[in-house]
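Encoded as structure tokens, the structure appears first; notes follow it.
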Amino acid sequence: MRETIEILGKSILVEWTRAAENALNKLDSPLLIEMELLFSCLIRKAVRFRLGDVNPDKFVFVTPQMKVRFRPVMTKACRISDLGEGETPLTDFPIKKSSAFVPKYLFIDYQRGKWSGEFQLVEFAKNR
Numbered sequence: 001m002r003e004t005i006e007i008l009g010k011s012i013l014v015e016w017t018r019a020a021e022n023a024l025n026k027l028d029s030p031l032l033i034e035m036e037l038l039f040s041c042l043i044r045k046a047v048r049f050r051l052g053d054v055n056p057d058k059f060v061f062v063t064p065q066m067k068v069r070f071r072p073v074m075t076k077a078c079r080i081s082d083l084g085e086g087e088t089p090l091t092d093f094p095i096k097k098s099s100a101f102v103p104k105y106l107f108i109d110y111q112r113g114k115w116s117g118e119f120q121l122v123e124f125a126k127n128r
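Okay, structure coming up:
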């Protein structure tokens, strides 16, 4: 399945598998998908999944059961020793032109009871 959405004036192609569609249809509330771009000593991309309505105004509906948002973040300090297995405390990154960093493509899957996803910052669509 695929749908194009708009965030900060930029188009994003969202694709998801049949397994993801089947799992979405079983949910009682929308799946919130966050494309996180971390700016720190290193740059990291992550796709985060959760259920519920947290700051619903910041999410865009892809389907009635799937909402997406883009969130640029930064760490409060940059120490390589902090980049272990645990989560580093994050804060929103006040980019002046965050639309320049909005991803172009998001892929979502659901396998073995877990959501997975990846996003691309350049024009690119996977043949899945």
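Residues 1 to 128 in full-length UniProt numbering are what the sequence shown lists, from first letter to last.
Ideal placement from N, C-alpha and C gives every residue a C-beta, glycine not left out.
Collapsed DSSP secondary structure at residue i in the structure displayed
i          : result
serine 116 : strand
leucine 8  : coil
leucine 51 : strand
Paired residues, beta bridge with residue i - DSSP
i           : result
glutamate 3 : Val14
valine 60   : Val68
lysine 45   : Leu37
Chain-order list of residues whose beta-carbon lies under 8 Å from that of residue i (same chain, five-residue window excluded)
i          : result
serine 116 : Val47, Ile108, Asp109 and Tyr110
Residue i versus the options, residue with shortest Cα-Cα distance
i            : options                      : result
lysine 97    : Lys10, Arg2, Ile43 and Glu3  : Lys10
glutamate 21 : Leu37, Thr75, Met1 and Ile33 : Met1
leucine 106  : Leu38, Leu121 and Asn25      : Leu121
Nearest-angstrom Cα separation, counted from residue j out to residue i
i                : j             : result
leucine 27       : glutamine 65  : 7 Å
phenylalanine 59 : isoleucine 43 : 23 Å
proline 72       : lysine 114    : 24 Å
Cβ neighbours of residue i in the same chain (closer than 7 Å, five flanking residues each side left out)
i             : result
serine 99     : Leu8, Gly9 and Lys10
glutamate 118 : Val47 and Phe107
Same chain, Cβ closer than 6 Å to residue i, neighbours up to 5 away in sequence not counted
i             : result
glutamate 3   : Val14 and Val62
isoleucine 95 : Pro72
threonine 17  : Asp109
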